[in-house]
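Residue numbers for the sequence shown follow the numbering used here, beginning at 1053 and rising by one.
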Amino acid sequence: MSDLDALALLGHAGGLTQKGTRPRFKLSEAENEMMAQLQDIDAALDALGLEPRQWLREPLSGAPFSGADPITFVTQHQLPGARELRQHMLQQGLRLSLQQR
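Written out as structure tokens, the structure reads:
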């Protein structure tokens, strides 16, 4: 993921520096919450045994995703999208654990 894409995913409006490098900045409250959601999503991917790079680029069917891949969905919907994705993953994990019984 490029630096600019990572900043967009966090919801950081500043963009890159004039030199085209990553800016140094302190996370806002919303950016900090987004970072926490993204870390939870990463932990869920690990717990489910999924490969993050592949899974984050695969389209998700059903509402509210409608074929969008997780990265695009979260970038477009920001914090509410990250929360929905996290909940979706928790539900998937629960379904898988129930199927394994």
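C-beta atoms are modelled at their ideal positions from N, C-alpha and C, and glycine is treated no differently.
Remember, it's a predicted structure, so these values are computed and weren't measured experimentally.
### Task
Answer yes or no: do Ala-1100 and Leu-1148 have a C-beta to C-beta separation smaller than 8 angstroms?
For the record, residue 1100 in the displayed sequence is Leu; it is not Ala. The Cβ atoms of Leu-1100 and Leu-1148 sit closer than 8 angstroms to each other.
### Query
Could you check where the alpha helix (DSSP H) with Ala-1099 kicks off and where it finishes?
Taken as a continuous stretch (DSSP letters only), the alpha helix (DSSP H) holding Ala-1099 covers 1081-1100.
### Message
Can you look up Asp-1121 in the DSSP assignment and give me helix, strand or coil?
### Response
Reduced to three states, the DSSP call for Asp-1121 is coil.
#### Entry: Buried versus exposed call for Phe-1077 [16 or more other C-beta atoms within 10 Å across all chains shown]
Counting other Cβ atoms within 10 Å of its Cβ, Phe-1077 stays below 16 and is therefore classed as exposed.
### Query
Nearest to Ala-1060 by CA position, among Gln-1128, Gln-1143, Glu-1081 and Ala-1120, is which residue?
When only C-alpha atoms are compared, the closest one is Gln-1128.
### Query
How is Ala-1134 classed by DSSP in three states: helix, strand or coil?
The DSSP-derived three-state label of Ala-1134 is helix.
### Task
Alpha carbon to alpha carbon, how far is Gly-1119 from Glu-1110? Give it in angstroms, no decimals.
When rounded, the distance between both Cα atoms is 9 angstroms.
### Query
How close, in whole Å, do the beta carbons of Asp-1121 and Leu-1112 come, if the pair is a contact with beta carbons under 8 angstroms?
Under the criterion of beta carbons closer than 8 angstroms, Asp-1121 and Leu-1112 qualify as touching, at roughly 7 angstroms.
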